[in-house]
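According to full-length UniProt numbering, the residues represented by the sequence shown are 1 to 225, in order.
Each remark here refers to the structure printed beneath this line.
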Amino acid sequence: MLIKVKNVSKIYTTGDVKTKALDNVSFSVKKGEFLAIVGPSGSGKSTLMHILGALDIPTSGEYVLNEKNVENMKDDDLAEIRNKEIGFIFQSYNLLARTSALKNVILPMSYAGVPKKERVERAKKVLGIVDLEDKLNNAPNQLSGGQKQRVAIARALVMKPSILLADEPTGNLPTSQSHEILNIFKDLNKEGHTIILITHEEDIAKRAHRVITLVDGKIVSDKKR
Numbered sequence: 001m002l003i004k005v006k007n008v009s010k011i012y013t014t015g016d017v018k019t020k021a022l023d024n025v026s027f028s029v030k031k032g033e034f035l036a037i038v039g040p041s042g043s044g045k046s047t048l049m050h051i052l053g054a055l056d057i058p059t060s061g062e063y064v065l066n067e068k069n070v071e072n073m074k075d076d077d078l079a080e081i082r083n084k085e086i087g088f089i090f091q092s093y094n095l096l097a098r099t100s101a102l103k104n105v106i107l108p109m110s111y112a113g114v115p116k117k118e119r120v121e122r123a124k125k126v127l128g129i130v131d132l133e134d135k136l137n138n139a140p141n142q143l144s145g146g147q148k149q150r151v152a153i154a155r156a157l158v159m160k161p162s163i164l165l166a167d168e169p170t171g172n173l174p175t176s177q178s179h180e181i182l183n184i185f186k187d188l189n190k191e192g193h194t195i196i197l198i199t200h201e202e203d204i205a206k207r208a209h210r211v212i213t214l215v216d217g218k219i220v221s222d223k224k225r
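Have a look at this one:
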């Protein structure tokens, strides 16, 4: 099993006020699944995304990724998990503004110590996967929203992560470009990539093969399509 989440709760404390964002959540994900986590605002899906992405740790419970217990890790170990095991794709793209598509994709490899020649080869390869081989030298302000998100997908792929974790990846895009991005996810999943998609939109979630629904920090539904 690629991911095991067992009895995970997350409580935020502000002064004397405690807020339970996740309440005893349990599920597992096999390698090669395409999973959507859906729920309204305040359902806990963003908190769950942060835990799955090793950006936060649970208050209680267990999170195992690729047989590594993430919930007990120190900051340096969490940073390594984020760099090597998880490919992040965000709604706001998170690209460096004055940097070419190629250099944006190269960046995670620089942090990981990948040799320079290999960095360029791998970056060009993943940009080809998302049909942007003709935009290598374009900065983000020379790209459409959909093209920016494709650069972000290429950057997420380049470290060959265990999971692609996409947080509202079509939230800033018009419908036609949203479909393009979802079709890329579908193709990547066919090639064996494990994809976890966080969204509040039911029609976007339906493109996944399995949908977990969160309400008030609890899983109320876990359905395969």
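Even for Gly, the Cβ is constructed at its ideal location relative to N, Cα and C.
Treat the numbers as computed from the prediction; the structure is a model and nothing was measured.
Please report the straight-line C-alpha distance between residue i and residue j, rounded to a whole angstrom.
i: residue 192; j: residue 32; result: 5 Å
i: residue 186; j: residue 29; result: 17 Å
i: residue 194; j: residue 16; result: 40 Å
i: residue 137; j: residue 153; result: 17 Å
i: residue 222; j: residue 160; result: 28 Å
i: residue 13; j: residue 62; result: 20 Å
i: residue 147; j: residue 70; result: 33 Å
i: residue 171; j: residue 77; result: 31 Å
i: residue 46; j: residue 67; result: 23 Å
i: residue 97; j: residue 167; result: 20 Å
i: residue 79; j: residue 59; result: 19 Å
i: residue 105; j: residue 2; result: 25 Å
i: residue 82; j: residue 72; result: 15 Å
i: residue 155; j: residue 5; result: 26 Å
i: residue 163; j: residue 55; result: 14 Å
i: residue 102; j: residue 51; result: 29 Å
i: residue 122; j: residue 131; result: 14 Å
Measuring CA to CA, which of the options is closest to residue i?
i: residue 226; options: 200, 50, 157; result: The chain is shown from 1 up to 225; residue 226 falls before or after that span and cannot be answered.
i: residue 219; options: 95, 26, 225; result: 26
i: residue 224; options: 149, 217, 43, 211; result: 211
i: residue 202; options: 4, 9, 41; result: 41
i: residue 100; options: 126, 64, 151; result: 151
i: residue 53; options: 196, 215, 214, 217; result: 196
i: residue 49; options: 23, 126, 199; result: 199
Buried or exposed: residue i, going by 16 or more other Cβ atoms within 10 Å of its Cβ?
i: residue 74; result: exposed
i: residue 19; result: exposed
i: residue 134; result: exposed
i: residue 7; result: exposed
i: residue 10; result: buried
i: residue 175; result: exposed
i: residue 92; result: exposed
i: residue 189; result: buried
i: residue 128; result: exposed
Can you tell me where the alpha helix (DSSP H) holding residue i begins and where it ends?
i: residue 62; result: Premise fails: residue 62 lies in the beta strand (DSSP E), 60 to 65, not in any alpha helix (DSSP H).
i: residue 176; result: 175 to 190
i: residue 203; result: 202 to 205
i: residue 145; result: 145 to 157
i: residue 83; result: 75 to 84
i: residue 110; result: 101 to 112
Measuring only between beta-carbons, confirm whether residue i sits less than 8 Å from chain C.
i: residue 55; result: Reference to chain C is not applicable here, since this structure consists of a single protein chain.
Just to confirm, does residue i get its C-beta within under 7 Å of one of the non-hydrogen atoms of the ligand FAD?
i: residue 41; result: Ligands in the displayed structure: none, and consequently the ligand FAD is not present.
I'd like the span of the beta strand (DSSP E) that includes residue i, first residue to last.
i: residue 225; result: Segment: none, residue 225 is in no beta strand (DSSP E) and carries neither H nor E.
i: residue 13; result: 3 to 14
i: residue 210; result: 210 to 215
i: residue 18; result: 17 to 29
i: residue 194; result: 194 to 199
Quiz item: Taking one C-beta from the segment 111 to 125 and one from the segment 139 to 147 each time, how about it: are there three or more such pairs within less than 8 Å?
Solution: no
Quiz item: Quick one: any contact between the segment 117 to 124 and the segment 72 to 89, if contact means 3 or more CB pairs under 8 Å?
Solution: no
Self-check item: Segment contact flag, the segment 197 to 215 with the segment 32 to 44, C-beta cutoff 8 Å, min 3 pairs
Solution: yes
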